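Per mature numbering (1 follows the signal peptide of the UniProt record, and there is no 0), the sequence shown runs over residues -25 to -1, 1 to 367.
Just so you know, even glycine gets a beta-carbon here, dropped at the ideal spot from N, CA and C.
Since this is a predicted model, take the numbers as computed values, not measurements.
Before any comments, here is the structure.
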Amino acid sequence: MTINRPARYVILSLGILIALHFLLAATHESYNSATSSALGGVWSKTTTYQDDFAVPAYPVLDDGLPPPRWTSVGGTGNSTRANATLLMLARNSDVNGAVQSIRSIEDRFNREYRYPYVFLNEEPWTEEFKKRISALTHAPIEFGVIPHDMWYQPDWIDEERATEGRKKMEDQGIIYAGSVSYRNMCRFNSGFFFKHELLAKYKWYWRIEPDVLFHCTLDFDPFVYMEEQKKVYAFTISLFEWSATIPTLWDTVKDFMNKFPESVSPDNAMGFMSENGGQDFNMCHFWSNFEIADMDFWRGDVYTKFFEFLDATGGFYYERWGDAPVHSIAASLFLPKSKIHFFNEIGYEHPPNMHCPQDDEVWKRGMCGCEQAKTHDYGPYSCQHQWDRIFR
Ligand SMILES: Nc1nc2c(ncn2[C@@H]2O[C@H](COP(=O)(O)OP(=O)(O)OP(=O)(O)O)[C@@H](O)[C@H]2O)c(=O)[nH]1
Ligand SMILES: [Mg+2]
């Protein structure tokens, strides 16, 4: 093979340049450090984009997709995300409703963020459920089974008294009055979900139920917002509880406050829940089928003591205490009210109630699909007035 004269000069010049580079690198430290990462990066980049983010709790996604839209926490400039999961408790028979909810949250939020999902059930998941859900998202998904003791009615419950309690409620025409499984669910959501092994690695959760809809696109990460603003518990809908489901709950709460007064936050949200300084409960609570919250609050000493105190009375079975009033009372009493957040931007519907942002600016920015006039806020069953008044 012959090489013409200009080509020979080019090869010779390149050879001299390369030799010069190695000579300078060997003899001059500053030149070496300035050039080695740039050149080295070209040859040794075997890592995935995930390695650039400090998020140890997550499996590395190596699926060739564009990186998720993680935003910066605390304005530090580190691209990262919250240690959070999207959590759904469901039955295998809820599959169609679960598909609807996941499609909706993916569409409005998680397609861009790819937060991992955890699904919990007291029975093993069917292949059908796992297949239909897994088809909907690129985010990691874990399907967990709930340990027996976290779910079923404990042995120390007096079954005769529990049966009588259910019968009494049925006679009053109360929804789920005769259901033991509903009571299992309420007790599990009150005191156990955050202890499940699949949730142990996470701090934050967003509770999602089957058959719900998210009506607005989120242009921010609510977990990161909670973290940055130092919030602990967030809601979108507040309303009145059916008092016949919790006849002795408030007295039990008052007993707890008397016994452990130090548990109550000086700047609490009692004004949301009571018209007379705590003597009576006005039935206002946050609708817990939507929750974004910090599980460290539920895992902490105060809430642990509170749940155990309530549970010991058997009220979850003798009556029908819901996780919504239990969570709401705890958040409102044991946290400073500034740590509870109303997420106005999150259009959310759990039929028959919906929160749709009333501010046109917010509604347009979120490309909301909901009918503003049908929002639950300030309607006859809403406790938004009671919420607003504690900040005046
Ligand atoms: N695995 C399991 N999940 C349940 C059971 N009962 C309820 N759930 C779940 O617990 C959550 C609350 O139950 P729902 O039946 O929606 O109760 P609700 O929101 O008070 O009532 P609805 O107005 O009927 O939605 C949902 O995520 C359900 O899928 C159960 O027996 N087993
Ligand atoms: Mg529901």
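Residue burial classification, residue i (beta-carbon count within 10 angstroms, cutoff 16)
i, result
"R136", "exposed"
"D69", "buried"
"S357", "buried"
"T23", "Note that T23 scores 30 on pLDDT, short of 50, meaning its location in the model is unreliable and no value can be drawn from it."
"F104", "buried"
"F366", "exposed"
"D363", "exposed"
"E294", "buried"
"A299", "buried"
"P332", "buried"
"M144", "buried"
"H360", "exposed"
"F195", "exposed"
"K349", "exposed"
"G140", "buried"
"A65", "buried"
"W131", "exposed"
"S218", "exposed"
"G341", "buried"
"T21", "Residue placement at T21 cannot be trusted, given a pLDDT of 31 that sits under 50; the coordinates are not used to answer."
"P91", "buried"
Boundaries (first-last residue) of the beta strand (DSSP E) holding residue i
i, result
"H316", "I315 to F317"
"G252", "Careful: G252 lies outside any beta strand (DSSP E) and carries neither H nor E."
"N328", "N328 to H330"
"F84", "Looking at the DSSP string, F84 is not in any beta strand (DSSP E), and its letter there is neither H nor E."
Range covered by the alpha helix (DSSP H) that runs through residue i
i, result
"L308", "D298 to F309"
"I77", "V70 to I80"
"N159", "V155 to G166"
"Y200", "P197 to E203"
"Y151", "Counting along the chain, Y151 falls outside any alpha helix (DSSP H), and DSSP gives it neither H nor E."
"E134", "E134 to D146"
"F210", "First-last for F210: Y208 to F210, but that is the beta strand (DSSP E), not the alpha helix (DSSP H)."
"F366", "That residue, F366, is in no alpha helix (DSSP H); it is neither H nor E in DSSP."
"G290", "G290 to Y293"
"F104", "E102 to S109"
"T227", "L224 to K234"
"residue 425", "Given a span of -25 to 367 for the chain in the structure shown, any question on residue 425 remains unanswerable."
"A287", "D276 to A287"
"K339", "D335 to R340"
Identified DSSP bridge partners for residue i
i, result
"D269", "W179"
"C358", "Per DSSP, none; premise fails for C358."
"C259", "F215"
"G119", "L95"
"T60", "Y180"
"L188", "E324"
"A244", "Answer is none; A244 lacks a bridge partner."
Integer-rounded CB distance, given that residue j should sit under 8 Å from residue i
i, j, result
"A306", "F198", "In fact, because the Cβ distance is near 17 Å, the residues do not count as touching under 8 Å."
"A59", "Y177", "6 Å"
"F210", "F84", "About 17 Å; that fails the 8 Å criterion."
"H260", "E216", "5 Å"
"L62", "I80", "Not a contact, Cβ separation roughly 11 Å."
"L193", "E320", "7 Å"
"W262", "N328", "7 Å"
"W296", "F169", "Not confirmed; about 18 Å, so no contact."
Chain B contact for residue i (CB, 8 Å cutoff)
i, result
"N319", "Here chain B cannot be found, since the structure has a single protein chain."
>> Closer than 8 Å is the cut-off here; do at least three beta carbon pairs connect the region 153 to 165 with the region 238 to 250?
In response: With a cut-off of 8 Å, the region 238 to 250 and the region 153 to 165 do not count as touching, because too few Cβ pairs lie within range.
> Quick check: the region 110 to 127 against the region 92 to 99, are there 3 or more CB pairs under 8 Å?
Replying inline: These segments touch.
>> With three or more beta-carbon pairs closer than 8 Å as the criterion, would you say the region 276 to 283 touches the region 298 to 318?
In response: Taking a cut-off of 8 Å on C-beta distances, the region 276 to 283 touches the region 298 to 318, as three or more cross pairs fall below it.
> Quick one: any contact between the region 340 to 357 and the region 224 to 242, if contact means 3 or more CB pairs under 8 Å?
Replying inline: Short answer: they don't touch.
>> If contact is defined by three or more beta carbon pairs under 8 Å, each pair taking one atom from either stretch, is the region 222 to 229 in contact with the region 109 to 120?
In response: Output reads no: the region 222 to 229 does not touch the region 109 to 120.
> Would you call the region 171 to 187 and the region 267 to 275 in contact, with 3 or more CB pairs under 8 Å?
Replying inline: Counting Cβ pairs under 8 Å, three or more are found: they touch.
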